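Quick note on numbering: the sequence shown equals residues 18 to 144 in our numbering. A short worksheet on the structure shown next.
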Amino acid sequence: MGIERFMVPGEMEPVSHYCHAVRAGRHIWLSGMVGVAADGSIPNDTAAQFDIALKTIDNCLRHVGGLPNQIIKVQVFMTDIKERELINPARIEYFGDNRPASTLVEVSALVDPRMKVEIEAVAYLNA
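Written out as structure tokens, the structure reads:
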């Protein structure tokens, strides 16, 4: 199997030159997803942004044939790391017992100043 690149229908158009997901063999790389609602609005609340970004990760993952329990690595970028506690309930609910390796870092800004959180992930299709 070669390398496949995916633009997922219904998801926010990339703001630069990239695709939503890349699949190579059993690996899936998901680009950074942010908390922009389907209507283009950006909630002010960090947890609400995280929920949207996580749903986008899930939608893109499933579009290319993956499932949440196949995520092996997640990276979360936040503009205020003190708000980490606000996103943990959604992380726990989504991943459950399938805890991926994880990195969480504070960044000075994301592509839009209203954005507070971005998530990217890697999955491995083991079946």
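Beta carbons are placed, not taken as given, at the ideal position from N, Cα and C, and that holds for glycine. Model, not experiment: these values are computed from the prediction.
{"query": "Under the three-state DSSP convention, the category Arg108 falls into", "result": "helix"}
{"query": "DSSP three-state assignment for Lys133, whether helix, strand or coil", "result": "coil"}
{"query": "Per DSSP, the bridge partner or partners of Ala126", "result": "Answer by DSSP bridge pairing: none, since Ala126 is not bridged."}
{"query": "Residues near Ala107 in its chain [Cβ-Cβ closer than 8 Å; skip 5 each side]", "result": "Ala64, Phe67, Asp68, Leu71"}
{"query": "Element boundaries [beta strand (DSSP E), containing Gln92]", "result": "88-95"}
{"query": "Inter-residue CB distance, Gly83 and Ala140 (contact presumed, cutoff 8 Å)", "result": "4 Å"}
{"query": "Cα-Cα separation, Leu103 to Asn143", "result": "31 Å"}
{"query": "Exposure of Arg40, with buried meaning 16 or more beta-carbon neighbours within 10 Å", "result": "buried"}
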